[in-house]
Amino acid sequence: MAIHYKLRQGVTLQEQSCDQLLVDCDGRVVRCQHADEAFKRMLSRLASSGGLANDLFTAAAQGGGAPVQLTLFLQLMQLEQRGWLTLMLMGPKGAALVLEPMGRQLQRRTPLKEPFKIRFSRFICIRPEHGELQLEVPFAAGRVQLVEARLSSLLPALAVPCSTEQLREQLPDDLRDQWQDLLTLLRTAGLVGVCDAEGGVDVDQEAERHRWSYEDLALHHRSRLGWHRHVVGASFRGAGVCISPPLLLAAEHLPAVVLPRPVKAGLDPSFFDVVEQRQSIRSYADTPLNLDQLSRLLWYTARIRRRFGSNVESEQDYEACSRPVAGGGGLHEIDLYLTVRRCSGLEAGLYRYDPQAHQLLRLSELSEVCKQLLLEAGQGAALTQEPDILITLAARYGRVTWKYEGMPYALILKHVGVIYQHLYLVATALGLAPCGLGAGNSETFAQATGLDRFAHIPVGEFILGRPADIKQESC
């Protein structure tokens, strides 16, 4: 075998009270107690240049014979299975392919009895990273770097069922004899699987049984800890590069409709009654909701109660705020855009809510593209009529990524859920007809607002009206 072993990147070898410690950058530690000299020599070699298995055993055993080498072999396999080692397929110029463990366990997948065909997992992600191609499957045991450019011919070959003979033909002459080691590393990393009669592969069966799409699986995998070594959390990667994006968008001298401040008198339903009565209502009365009701909805959902800095006199400082809805880190990156078809006391058109001044900033009249937004919202909710008001939740993505890494989009979706529930409860207390939507059209929203599709991303839609006497209720 031509597999080269070395301590995985991020792992250091330390000594403490005669014990050998393997310390991972994520805080995981393995203490090798009472290690003999042969094992210490092998660990030292793994921490420096690494080597092929036989070379490691021979150098570490120093003439100790087969029993010592067998013990070293078992120790090496334990390190491999626990994800402490990087495995490399060596070519004439060094590493041709590198397998880096991603989880806390790495199960070696040995060659199969021929004949069989293999194919890439349909969940594979291939992207350039540090001048090399990186191949990875969500929740798989490891990821692979194609260091040797000549191996790029494997990519189209493994996109379809591929026999071992076809695999060998794709390899350079000086690597062809190592096809079994190559296949072992690709299978161990979970990148390729054995094809069944229908052309599916065994490594995909579990995810496909639950009907995962690549996009959903990748988002779920990458936005949580486990089975990868990326940062997830508040890394402040924007600090020191640029100032944090502002809490509020500029008014830009837009025409403003100042909303009335709510008066609590006469509106005090029981919280638990409101929770019990909450439902999606998709049928509307002939009479629209009025400006006072809309003002109350926005006031008790999205207005800014107070503003504050997070960490004074630090490059990690950013402006945060408190609102009736919860928001991770006080970021409150979601702006509310209202497409108004009809509302008593408010002219039809497209507005943005200003949560500081509690006012609506008029962006445009009810243009044809705004009408398209309403039409698509109605179709998405299976309405027989267009909603009175469509509230589009648009997140300023850069405000979240300035502080958080690995989890921004997942965090934004959590905020969407919080806002949805708050809109539902306040609308129910006001006697309105609320309904959250599962999807919307990002292209139509970008055309209606003229906003940058990468900076202001629509992430939720919520429709409103005054309920009809006979309600078409749903969950």
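The numbering of the sequence shown is numbering that gives the first Met the number 0, which starts it at 0 and goes up by one.
The beta-carbon is built from N, C-alpha and C at its ideal position, and this holds for glycine as well.
Length at least 3, wholly inside the stretch 74 to 158: the beta strand (DSSP E) runs in chain order:
84 to 90, 93 to 100, 116 to 119, 124 to 128, 131 to 135 and 141 to 145
Provide the residue span of the alpha helix (DSSP H) that contains T443, from first to last.
Along the sequence shown, one-based indexing puts residue 443 at 444. Element bounds for T443: S441 to T448.
At the level of alpha carbons, what is the spacing between L86 and E318?
Mapped onto the sequence shown, residue 86 falls at position 87. Mapped onto the sequence shown, residue 318 falls at position 319. If I take the Cα positions, the gap works out to 46 Å.
As an exercise, report each continuous beta strand (DSSP E) stretch of at least 3 residues that is fully enclosed by the stretch 348 to 393, in chain order.
348 to 353 and 358 to 363
Checking the sheet assignment: what are the DSSP bridge partners for F307?
Working through the sequence shown from its first residue, we reach residue 307 at position 308. DSSP lists A319 as partners of F307.
Quick one: give me the first and last residue of the alpha helix (DSSP H) that A500 is part of.
Since the first residue shown for the chain is 0 and the last is 474, residue 500 is missing from the structure and cannot be characterised.
Below 8 Å, how does it come out for the stretch 426 to 436 and the stretch 397 to 410: are there three or more Cβ pairs, yes or no?
no
Rounded to the nearest angstrom, how far is the Cβ of L382 from that of R281, given a contact under 8 Å?
Taking the sequence shown and counting its residues from 1, the one referred to as residue 382 is at position 383. Taking the sequence shown and counting its residues from 1, the one referred to as residue 281 is at position 282. So it is a contact: roughly 5 Å between Cβ atoms.
Range covered by the alpha helix (DSSP H) that runs through D54:
The residue you call residue 54 lines up with position 55 of the sequence shown. Looking at the DSSP string, the run of the alpha helix (DSSP H) that includes D54 is A52 to A60.
For R142, I'd like the list of residues in its chain whose CB is within less than 7 Å of its CB, leaving aside the five on either flank, ordered along the chain.
Looking up residue 142 in the sequence shown gives position 143. Closer than 7 Å at the Cβ level, and outside the excluded window around R142, lie E99, M101, Q133, L134, E135 and A188.
Under the DSSP definition of a beta bridge, which residues are partnered with E404?
Here residue 404 refers to the residue found at position 405 when the sequence shown is read from its first residue. In DSSP, E404 forms a bridge with G232.
Can you say whether F271 is buried or exposed, counting buried as having 16 or more other CB atoms within 10 angstroms of its CB?
By one-based count along the sequence shown, residue 271 stands at place 272. Label assigned to F271: exposed.
Same chain, Cβ closer than 7 Å to V193, five either side skipped, listed in chain order
Position 194 of the sequence shown holds residue 193. Excluding sequence neighbours, V193 sits near L111, F115, I117, V200 and D201.
Give the single residue among Q204, Y403, M41 and V399 whose Cα lies nearest to the Cα of G232.
Taking the sequence shown and counting its residues from 1, one reaches residue 232 at position 233. Nearest option by C-alpha distance: Y403.
Taking S43 and L12 to be in contact with their CB atoms under 8 Å, please state how far apart those CB atoms are, rounded to whole angstroms.
Looking up residue 43 in the sequence shown gives position 44. Looking up residue 12 in the sequence shown gives position 13. Yes, they are in contact, since the Cβ atoms of S43 and L12 sit about 7 Å apart, within 8 Å.
Please classify M41: is it buried, with 16 or more other beta-carbons within 10 angstroms of its beta-carbon, or exposed?
Taking the sequence shown and counting its residues from 1, the one referred to as residue 41 is at position 42. By the neighbour-count rule (16 or more Cβ atoms within 10 Å), M41 is buried.
Cβ atoms of R340 and D291: under 7 Å apart, would you say?
For the purposes of this step, residue 291 is taken as the residue at position 292 of the sequence shown. For the purposes of this step, residue 340 is taken as the residue at position 341 of the sequence shown. No. Outside cutoff.
Looking only at its own chain, which residues have a Cβ that is under 6 Å from the Cβ of L466, when we skip the five neighbours before and after it?
Taking the sequence shown and counting its residues from 1, one reaches residue 466 at position 467. The sequence shown places Pro at residue 466, rather than the Leu named in the question. Closer than 6 Å at the Cβ level, and outside the excluded window around P466, lie I280 and A432.
Please report how far the alpha carbon of E113 lies from the alpha carbon of V146, in whole angstroms.
Indexing the sequence shown from 1 puts residue 113 at position 114. Indexing the sequence shown from 1 puts residue 146 at position 147. One C-alpha to the other measures close to 28 Å.
Check whether L373 and E385 have beta carbons under 7 Å apart:
Within the sequence shown, the letter at position 374 stands for residue 373. Within the sequence shown, the letter at position 386 stands for residue 385. Against a cut-off of 7 Å, the Cβ pair of E385 and L373 comes out as a contact.
Give me the Cα-Cα distance between L190 and S120, rounded to the nearest whole angstrom.
In the sequence shown, the residue the question calls residue 190 occupies position 191. In the sequence shown, the residue the question calls residue 120 occupies position 121. Answer to the nearest angstrom: the Cα atoms are 6 Å apart.
Can you pull the DSSP bridge partners for S16?
Counted from its first residue, the sequence shown places residue 16 at position 17. Answer by DSSP bridge pairing: none, since S16 is not bridged.
Segment contact, 8 Å Cβ cut-off, at least three pairs: the stretch 64 to 84 with the stretch 150 to 161:
no
Taking 8 Å as the cut-off, does the stretch 239 to 258 touch the stretch 413 to 423 (at least 3 CB pairs, one atom from each stretch)?
no
Assign C241 to one of two classes, buried (16 or more other C-beta atoms within 10 Å of its C-beta) or exposed (fewer than that).
Translated into positions along the sequence shown, residue 241 becomes position 242. So C241 counts as exposed.
Checking the sheet assignment: what are the DSSP bridge partners for H455?
Here residue 455 corresponds to residue number 456 of the sequence shown, with the count starting at 1. In DSSP, H455 forms a bridge with R395.
How far does the beta strand (DSSP E) with K5 in it reach, from first residue to last?
Looking up residue 5 in the sequence shown gives position 6. I2 to L6 is the span of the beta strand (DSSP E), which, as asked, contains K5.
Could you check what DSSP says for V22 in three-state terms: helix, strand or coil?
Counting from one through the sequence shown, the residue named residue 22 turns up at place 23. Strand, per DSSP.
Cβ contact check for the stretch 286 to 305 and the stretch 316 to 330: 3 or more pairs under 8 Å
yes
Do L296 and C342 come within 7 Å of each other at the CB atom, strictly closer than that value?
Locating residue 342 in the sequence shown gives position 343, where the first residue counts as 1. Locating residue 296 in the sequence shown gives position 297, where the first residue counts as 1. Taking 7 Å as the Cβ cut-off, C342 and L296 do not qualify as a contacting pair.
Output the distance between the C-alpha atoms of H219 and I125, rounded to the nearest integer angstrom.
As a position in the sequence shown, residue 219 is number 220, starting the count at 1. As a position in the sequence shown, residue 125 is number 126, starting the count at 1. Spanning the two alpha carbons is a distance of roughly 18 Å.
Limits of the unbroken beta strand (DSSP E) element including R260:
Translated into positions along the sequence shown, residue 260 becomes position 261. Unbroken run through R260: none, as it is neither H nor E.
Top-ranked residue by Cα proximity to V399, from P244, Y4, E207 and A37
The count along the sequence shown starts at 1 and reaches residue 399 at position 400. For the residues P244, Y4, E207 and A37, the minimum Cα distance to V399 belongs to P244.
Reduced DSSP category for D35 - H, G, I as helix; E, B as strand; rest coil:
Counting from one through the sequence shown, the residue named residue 35 turns up at place 36. Looking at D35 - three-state DSSP - the assignment turns out to be coil, as it is neither helix nor strand.
Identify the continuous alpha helix (DSSP H) that holds D272 and give its terminal residues.
The count along the sequence shown starts at 1 and reaches residue 272 at position 273. Taken as a continuous stretch (DSSP letters only), the alpha helix (DSSP H) holding D272 covers F270 to Q276.
Opening and closing residue of the alpha helix (DSSP H) in which A217 lies
In the sequence shown, residue 217 corresponds to position 218, counting from 1. Start and end: Y213 to R221.
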